Amino acid sequence: MTNKVSIIVPSFNHAKHLEECIQSVKNQSYTNWECIIIDDGSTDDTRSVATKLTDDKIQYIHQENSGVSSARNQGIKAATGDYILPLDADDTLNPLALEKMLEVFEKNKDTLIVFSDTVYFGHINKTSNLQEKFSMKELLLQNRLFCTSMFPKKYFDQGIVFDEELIHGFEDWEFWIQLISSHRELPITKIDYPVFNYRMHPVNSRNNDIIKNDNKKEIIYHTVYEKHKALFHEFFPSYIALLNRKTFYEQKLEKIYNSKPYRIYNFLINLFR
Numbered sequence: 013m014t015n016k017v018s019i020i021v022p023s024f025n026h027a028k029h030l031e032e033c034i035q036s037v038k039n040q041s042y043t044n045w046e047c048i049i050i051d052d053g054s055t056d057d058t059r060s061v062a063t064k065l066t067d068d069k070i071q072y073i074h075q076e077n078s079g080v081s082s083a084r085n086q087g088i089k090a091a092t093g094d095y096i097l098p099l100d101a102d103d104t105l106n107p108l109a110l111e112k113m114l115e116v117f118e119k120n121k122d123t124l125i126v127f128s129d130t131v132y133f134g135h136i137n138k139t140s141n142l143q144e145k146f147s148m149k150e151l152l153l154q155n156r157l158f159c160t161s162m163f164p165k166k167y168f169d170q171g172i173v174f175d176e177e178l179i180h181g182f183e184d185w186e187f188w189i190q191l192i193s194s195h196r197e198l199p200i201t202k203i204d205y206p207v208f209n210y211r212m213h214p215v216n217s218r219n220n221d222i223i224k225n226d227n228k229k230e231i232i233y234h235t236v237y238e239k240h241k242a243l244f245h246e247f248f249p250s251y252i253a254l255l256n257r258k259t260f261y262e263q264k265l266e267k268i269y270n271s272k273p274y275r276i277y278n279f280l281i282n283l284f285r
């Protein structure tokens, strides 16, 4: 057990969920880890809750409110582990998460990312069904990974960081575009174990707010496009065609996910997991 994992937990006003989140980290079967809580200028009791949780493996850092990308970057900068696993403060890890993910890296040191499906809980209960394999072209159309996926810290040290200009969201999507496009030859592996549990809130989440807000979506897509213009043109020579393709793709997915056969299929899959 030589490889150390740094679990990065940004928290903005999630004091009521933070202890549950950190307890799930403490419950890991793999014990060579550190956890860094980044308080992104919370106005609730995050500081007092986090301070009580700190010990020789759990660190607390406070910063002025700067957004989740900044919080993740600050946490990773302070990390001393070989691998990074982001985890939002209102979510929880499952007990074998680190063990199962590290098994992949131990078998193949060249692995770029290890990811999994997740269990949604809270306001909605279901399990995701991510594609095991996807192309660069598919990733440019839509994010294919949850932010709670593991990657080697060395790539962050080489300059692949979360974009702090993406204050409206989807910063994890842009991060994966950076990382995967820079190392297309390296394997990305999905494991058959749900690494974490994603809390669904009764009020709109940040991502749902973006999905329903065309102005915010346009800002995000344009920012990502401008940053990776050469990459987008490699697969989509026409920007207008790309936008039309994205709109068509999103509408198609929404229609599929809302269909009765898919809901029945998803129910049966979850039932027998």
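Each residue of the sequence shown is one higher than the last, beginning at 13 in this note's numbering. Glycine included, each C-beta is placed from N, C-alpha and C at the ideal position. Small disclaimer: the values here were computed from a predicted structure and weren't measured.
* **Boundaries of the alpha helix (DSSP H) in which G87 is found, first to last residue** => V80 to A90
* Asked: What do you get for N137, buried or exposed, if any count of 16 or more other CB atoms within 10 angstroms of its CB means buried?
  -> exposed
* **Outcome for S18 when other beta-carbon atoms lying within 10 angstroms are tallied against a minimum of 16** => buried
* So, is P214 buried or exposed, given that buried needs 16 or more other C-beta atoms within 10 angstroms? -> exposed
* **A109 classed as buried or exposed, judged by whether at least 16 other C-beta atoms fall within 10 angstroms** => buried
* Go through its chain and collect everything with a Cβ distance to P22's Cβ below 6 Å, but skip five positions before and after it. => I50, D52, V80, A83 and R84
* Give the DSSP-derived three-state secondary structure of N216 in the structure shown. => Any reading at N216 is ruled out, since the residue's pLDDT is 48, under 50, leaving its predicted position unreliable.
* Asked: Which term fits N216, buried or exposed, when burial requires 16 or more other beta carbons within 10 angstroms of its beta carbon?
  -> Bear in mind that the predicted position of N216 carries a pLDDT of just 48, short of 50, making it unreliable; the figure below should be weighed with that in mind. Exposed, because fewer than 16 other Cβ atoms sit within 10 Å of the Cβ of N216.
* Three-state class that DSSP yields for V17 in the structure shown -> strand
* **Rounded distance between the beta-carbons of H26 and T58, thought under 8 Å** => 7 Å
* Kindly give me the distance between the Cβ atoms of E32 and T104, rounded to whole angstroms, as I take these residues to be in contact under 8 Å. => 6 Å
* Look at the alpha carbon of K69 and the alpha carbon of I34, and state the distance between them as a whole number of angstroms. => 11 Å
* Asked: Start and end of the beta strand (DSSP E) containing D184?
  -> Where D184 is concerned, there is no enclosing beta strand (DSSP E), although the alpha helix (DSSP H) it sits in stretches over E183 to S194.
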